[in-house]
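Student: Residue numbers (the numbering used here), protein chains in the order written: chain A, 2 to 335; chain B, 949 to 1511. Note that the Cβ used here is the ideal one computed from N, Cα and C, for glycine as well.
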Amino acid sequence: MLAYIIRRLMIMVPTLLGVTVIVFLMLHATPGDPAELLLGERATEKALHEVREHLGLNEPLHVQYGLFLRRLMKGDLGETIWTRQKVWTEVKQRFPATIELALVALFISCFAGMILGIISATKQYSVFDYVSMLGALAGVSMPIFWLGLVFMLIFSLNLGWLPLSGRLSIDVDLDIITNFYILDAILTRNWPAFKDAVWHIIMPAVTLSTIPTAIVARMTRSAMLDVLRQDYIKTAKAKGLSRLKVIFKHALRNAMIPVVTTIGLQFGVLLGGAILTETIFAWPGVGKWMYDAVMQRDYMVIQGGTLFIAALFVIINLCVDVLYAVINPRISVQ
Amino acid sequence: MKASKNLFRLSVTGLVLLLMIFLTTSCGQKEEEKAEAPAQPAVEKEEATQAAMEKILVFGRGGDSVGLDPAYETDGNSFMVCDNIFEALVFYADESTALEPGLAESWDISEDGKTYTFNLRKGVMFHDGTKLDANAVVFSLGRMMKERNVKFMGQGYEIPAQERPPEYWVSMEMDDIVGSIEAVDEHTVVFKLKKVNAPFLANLGMDFADIISPTAFLKNPKEFLRNPVGTGPFKFAQWVKDDRIVLEKNTDYWDTNAGPYLDKVIFRSIPENSVRFLELKTGNIHICQFPNPQDIALAKQDENLILPTQPGMNIGYLSFNHTKEPWKSNVDLRKAIRHAINREAIVDNLYQGMGQVARNPIPPTLWGYNKNVPMVEYDPAMAKDYLQKAGFPEGEGLGEITLWSMPVPRPYNPDGVKIGEAMAADLAQVGIKAKVVTFEWGTYLKRQREQPDDMDLFQLGWTGDNGDPDNFLAVLFDGKASTSIRTQWISDAYHDLMVRGRETIDQAARDAIYQEALQIFYDEAPAIAVAHSTVIWPAQKTVKNFKLHPTSSVRLKNVDLDL
């Protein structure tokens, strides 16, 4: 197992190198010039030349890429064009917010999606099945942007239960340790801040989790239905096992493989979906940051941010592959 | 059962591992922040109990600041925070761009207009406790010069190399204007200019010319933009990226006549316009920048809100490709286009009432505005007559022309493509076929400057920097001055007026010069001034003395809150 993990981690290097080449080429093939966007309407040839020179944009492409790689070898992702800060520092400031949101959303979608899927499968063609699958269909099709605003109108404006946007109320103090606010509040035993942070994360996390919840629910349902028709389930029932034992021990374990794959992939979807959620809920995470960087052609942020997300994605995929073997010992990690 | 326990254990381990990665990185970051930002205290516990008594104003805006070193910033979100931390030698008056004494309590201009002597205000302290003196002024402005022709008094400072070109200094061509900066004594600074330049004084009121604490800057030049130290009414306290910037009252502020009244100001980033407005409605923020036009109507009905309004110091215009025929020399054709476009309808429907049809290409709040120039009327019949005279009856022989329309909303133009479509429809009424063309914004700006053959008409605009007519009329339309000018219209008479305008110090004489230039603009129609947008930022009724400024700066010194 350890050898397998090490081998997979080694394969990560060429994969990520490939990511940098593709991102670099795509960036430079896309129209737009950071210097033009930096200076806007007031750009003069002279000012543009000076800015481009400073940013190294006057160099040939292969030289620019070479410089990027050389810095990367030293563990330096470079400096952002707009904010003049180390990309790594910016990543560290924003990723905790996104990961916190994505983890809560992932938890909601796993929990809700699997429960819905299991009940739907065990009560196939019941009213619950129809309603939950219709709900899942709606969940997949609902635009996040619209849903976020609807939630705000209902839960903040009309009912006044939840705060509208942001991560923490302005009158709540929290000593930041990890930048994961919920965790920081626990570590510092700051319960008012804990409550405030949890209250703030509910709406964006639920909004973000709608699509993954729906996908997980549908996937769990179909996988469970397949398994429930197998002979060994009949055997299990025949030997007098309780209904719950049959479902959770015999059926769910075997139905988990496609579900785990889906959940692993959903984490990537969550990071992508965070762009919209973060914009609506003024959540200071990486999604909005990357979106702005694309609009402003901040090459350094796009390269560094994408590389980081890609690395995260590869690691999650590795975790999923390892999980397969744990769930189903018939699958070998070899 | 054992396997499911394993599965659970593995998932938990995975999560903990992930958390640990970020824990480590974030801890590192916290240490860095501590090292970088000594002036960034966590709000103390006792303060929290007093919070209810404090006057805290929350300003809701569309995005975060990029940086807080005024010399290197180019965006409004950075400048609005700088406006409250830093100050310049000269100030713009409330709601106008008339110049007032700032950190300089007076100044003298030599007879030849090339030497400016500023007498600094005494007893002004930077937030770090150091004194404002002539050396600080020489340092703050001298660091932007390409050739550091500066002279300090006494030991002075060593100015570090520039991190990057100071964009505003470069684009305002200050290196071509300023010859040297010299500290004559503790409170006197002399600027020697390379040539007479009347807008120079107004330039010194702009954000890029703010005075910074050299001591704070030299401590860590690379990090000054995240730890700004100035003389302004508020001092920098905390910055949570993409979330909030917190400023605290400067209790040692030099001007105690009015304000600062607020204990704290929080600039909150809320990117989505409608959400920002909802935050205002629920009372979570006090001022809402750039609401959606349709929310203005709702704000008007809300008795808890007020609507501070200011005619924007900007112009949205439509111009021609003057590097090619027929646009280059056919004045009648340009006039035909001018009369064919229904600007009133554009302002009513697309600016949604938040705009004003333009008479001149400079806003009416600026001196030099020519009221005697006739308002261009929407008159398709007259447009057809001009087309006939131009040699293109009913648009015949003109073929399909291109109308470049901006892909992004700008302060002077809410929706370039829709406005382009409306213009194309107007042109079709008089027989001119126009195709709306758009590109990604950076490409649009780049290609427009190249004046390519496939561009006939283009939309663009401008937000004024310093309230000087030169900053509109020369920068936008004097094609003879430079190939960088967006409208490459070559007019000797107009160019001469622009040169004279810059070289004349007397404002009354300059006023007459620009009025004459605007008459030429009307007669020659090198571009069509479409509209000036109006800025409306709704606020809570409890906010007192909040005034919008034509330069879009946000000055909160005099602002108070009813608790």
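Compile a chain-ordered list of the residues in the segment 94-105 of chain A whose CB is closer than 7 Å to at least one CB of chain B.
Tutor: Q94, R95, F96, P97 and I100
Student: For B/A1422, count neighbouring Cβ atoms within 10 angstroms of its own Cβ and tell me buried if that reaches 16, exposed if not.
Tutor: As a working note, residue 1422 of chain B is residue 474 in the second sequence. B/A1422 comes out buried.
Student: Is B/A985 close to chain A, meaning its C-beta is less than 8 Å from at least one C-beta of that chain?
Tutor: Taking the first residue of the second sequence as 1, we reach residue 985 of chain B at position 37. Any answer about B/A985 is weak, because its pLDDT of 40 lies below 50 and its placement is not dependable; what the coordinates show is given next. Put simply, the CB of B/A985 is far from chain A, with every gap to its CB atoms at 8 Å or more.
Student: Would you identify the three-state DSSP class for A/W192, choosing helix, strand or coil?
Tutor: Stepping through the first sequence from its first residue, residue 192 of chain A is reached at position 191. Of the three classes helix, strand and coil, the one that applies to A/W192 here is helix, per DSSP.
Student: B/T1431: buried (16+ other C-beta within 10 angstroms of its C-beta) or exposed?
Tutor: Residue mapping note: residue 1431 of chain B aligns to position 483 of the second sequence, counting from 1. With fewer than 16 other Cβ atoms within 10 Å, it is exposed.
Student: Is the segment 1347-1360 of chain B close to the segment 1441-1459 of chain B, with three or more CB pairs under 8 Å?
Tutor: Flag = no, the segment 1347-1360 of chain B and the segment 1441-1459 of chain B do not touch.
Student: Whole-angstrom Cβ separation of B/A1372 and B/Y1334, contact assumed at under 8 Å?
Tutor: Taking the first residue of the second sequence as position 1, residue 1372 of chain B is located at position 424. Taking the first residue of the second sequence as position 1, residue 1334 of chain B is located at position 386. Wrong, their Cβ atoms sit about 18 Å apart, outside the cutoff.
Student: Taking the straight line between their C-alpha atoms, what separation do you get for B/P1309 and B/I1468?
Tutor: Walking along the second sequence from the start, residue 1309 of chain B turns up at place 361. Walking along the second sequence from the start, residue 1468 of chain B turns up at place 520. Cα to Cα, the separation comes out at about 12 Å.
Student: Which stretch, first to last residue, makes up the beta strand (DSSP E) that contains B/R1009?
Tutor: Residue numbering aside, residue 1009 of chain B sits at position 61 when the second sequence is read from its first letter. Boundaries of the beta strand (DSSP E) around B/R1009: I1004 to R1009.
Student: List the endpoints of the continuous beta strand (DSSP E) containing B/S1267.
Tutor: Indexing the second sequence from 1 puts residue 1267 of chain B at position 319. Per DSSP, B/S1267 belongs to the beta strand (DSSP E) from N1262 to F1268.
Student: Can you find a C-beta in chain A that's less than 8 Å from the C-beta of B/T1230?
Tutor: Residue mapping note: residue 1230 of chain B aligns to position 282 of the second sequence, counting from 1. Chain A places a beta carbon closer than 8 Å to that of B/T1230, counting this residue as a contact.
Student: Measuring only the C-alpha atoms, how far is B/G1427 from B/V1223?
Tutor: Translated into positions along the second sequence, residue 1427 of chain B becomes position 479. Translated into positions along the second sequence, residue 1223 of chain B becomes position 275. Each residue's alpha carbon lies about 43 Å from the other.
Student: Find the residues of chain A that neighbour B/R1112, judging by a C-beta separation of less than 9 Å, and give them in chain order.
Tutor: Within the second sequence, residue 1112 of chain B is the residue found at index 164, counting from 1. Neighbours of B/R1112 on chain A, chain order: E51, V52, H55, L56 and R85.
Student: Alpha carbon to alpha carbon, what distance is there between A/Y325 and B/N939?
Tutor: Any answer about residue 939 of chain B is impossible in this case: the structure gives chain B only from 949 up to 1511.
Student: Can you name, in chain order, every residue of its own chain whose Cβ lies under 8 Å from the Cβ of B/L955, other than the five neighbours on each side?
Tutor: Residue numbering aside, residue 955 of chain B sits at position 7 when the second sequence is read from its first letter. Here B/L955 scores only 45 on pLDDT, less than 50, and its place in the model is too uncertain to base an answer on.
Student: Given that B/S1501 touches chain C, what residues does it touch there, using C-beta distances under 9 Å?
Tutor: Protein chains A and B are contained in the structure displayed, whereas chain C is not.
Student: In whole angstroms, what is the alpha-carbon distance linking B/G1345 and B/G1379?
Tutor: As a first step, residue 1345 of chain B is located in the second sequence; it is residue number 397 there, counting from the start. As a first step, residue 1379 of chain B is located in the second sequence; it is residue number 431 there, counting from the start. For B/G1345 and B/G1379, the distance between alpha carbons rounds to 11 Å.
Student: Measure the alpha-carbon distance for B/D1440 versus B/N1269 and round it to whole angstroms.
Tutor: In the second sequence, counting from the first residue as 1, residue 1440 of chain B sits at position 492. In the second sequence, counting from the first residue as 1, residue 1269 of chain B sits at position 321. Near 18 Å, if we compare the C-alpha coordinates of B/N1269 and B/D1440.
Student: By a C-beta neighbour count over all protein chains shown, 10 Å radius and 16 as the cutoff for buried, is A/L148 buried or exposed?
Tutor: As a working note, residue 148 of chain A is residue 147 in the first sequence. That one is buried.
Student: Examine the ligand MG and report whether any of its heavy atoms sits within less than 7 Å of the Cβ of B/S1044.
Tutor: In the structure on display, the ligand MG does not appear, and there are no ligands present to speak of.
Student: Runs of 4 residues minimum, wholly inside the segment 152-205 of chain A: which ones carry the alpha helix (DSSP H) assignment?
Tutor: Qualifying alpha helix (DSSP H) stretches, in chain order: 182-188.
Student: Provide the residue span of the alpha helix (DSSP H) that contains B/R1174, from first to last.
Tutor: Here residue 1174 of chain B refers to the residue found at position 226 of the second sequence. From DSSP, B/R1174 is part of no alpha helix (DSSP H); its letter is neither H nor E.
Student: By how many angstroms is the C-alpha of B/P1274 removed from the C-alpha of B/A1376?
Tutor: As a first step, residue 1376 of chain B is located in the second sequence; it is residue number 428 there, counting from the start. As a first step, residue 1274 of chain B is located in the second sequence; it is residue number 326 there, counting from the start. Going from the Cα of B/A1376 to the Cα of B/P1274 covers about 18 Å.
Student: Run down chain B in chain order and give the residues with a C-beta less than 7 Å from the C-beta of A/L319.
Tutor: Locating residue 319 of chain A in the first sequence gives position 318, counting from the first residue. The contacting residues do not exist; A/L319 stays about 10 Å from chain B at best.
Student: To the nearest whole angstrom, what separates the beta carbons of B/M1261 and B/T1499, a pair I think is in contact under 8 Å?
Tutor: Against the second sequence, residue 1261 of chain B aligns to sequence position 313. Against the second sequence, residue 1499 of chain B aligns to sequence position 551. Rounded, the Cβ-Cβ distance is 6 Å, consistent with contact.
Student: Is it true that the segment 244-252 of chain A meets the segment 306-319 of chain A, where meeting means three or more beta-carbon pairs spaced less than 8 Å apart?
Tutor: Contact between the segment 244-252 of chain A and the segment 306-319 of chain A is absent: fewer than three C-beta pairs spanning the two stretches fall below 8 Å.
Student: Which parts of the segment 1188-1269 of chain B are runs of the beta strand (DSSP E), unbroken and 3 residues or longer, counting only runs that do not cross its ends?
Tutor: 1192-1197, 1212-1217, 1257-1259 and 1262-1268
Student: At the 8 Å Cβ level, is A/A206 part of the contact set with chain B, yes or no?
Tutor: Against the first sequence, residue 206 of chain A aligns to sequence position 205. Contacts with chain B at 8 Å (Cβ-Cβ) do not include A/A206.
Student: So, under 8 Å CB-CB, A/V247 and A/A237 are touching, yes? Tell me the CB distance rounded to an integer number of Å.
Tutor: Position 246 of the first sequence holds residue 247 of chain A. Position 236 of the first sequence holds residue 237 of chain A. At roughly 5 Å, the Cβ-Cβ gap stays under 8 Å, so A/V247 and A/A237 are in contact.
Student: With a 10 Å radius around its C-beta and 16 neighbouring C-beta atoms as the bar for buried, classify B/K1212 as buried or exposed.
Tutor: Walking along the second sequence from the start, residue 1212 of chain B turns up at place 264. That one is buried.
Student: Determine the direct distance from the alpha carbon of B/A1477 to that of B/R1307, and round the result to whole angstroms.
Tutor: Walking along the second sequence from the start, residue 1307 of chain B turns up at place 359. Walking along the second sequence from the start, residue 1477 of chain B turns up at place 529. Cα to Cα, B/R1307 sits roughly 7 Å from B/A1477.
Student: Is the CB of A/M27 under 8 Å away from at least one CB in chain B?
Tutor: By one-based count along the first sequence, residue 27 of chain A stands at place 26. Output row for A/M27: interface = no.
Student: For A/G33, which three-state DSSP category applies?
Tutor: Residue mapping note: residue 33 of chain A aligns to position 32 of the first sequence, counting from 1. Here A/G33 sits in coil by DSSP.
Student: Show which residues of chain B have a CB atom less than 7 Å away from the CB atom of A/A283.
Tutor: Counting from 1 along the first sequence, the entry for residue 283 of chain A is found at position 282. Ordered by position in chain B, the residues that pass the 7 Å Cβ test against A/A283 are S1217, I1218, P1219 and V1223.
Student: Got a sec: is the Cβ-Cβ distance from B/T1045 to anything in chain A below 8 Å?
Tutor: Start at 1 with the first residue of the second sequence, and residue 1045 of chain B comes out as number 97. No, B/T1045 does not count as interfacial toward chain A.
Student: Check the Cβ of B/I1214 against every Cβ in chain A and list those closer than 9 Å, keeping chain order.
Tutor: Walking along the second sequence from the start, residue 1214 of chain B turns up at place 266. Result: I171.
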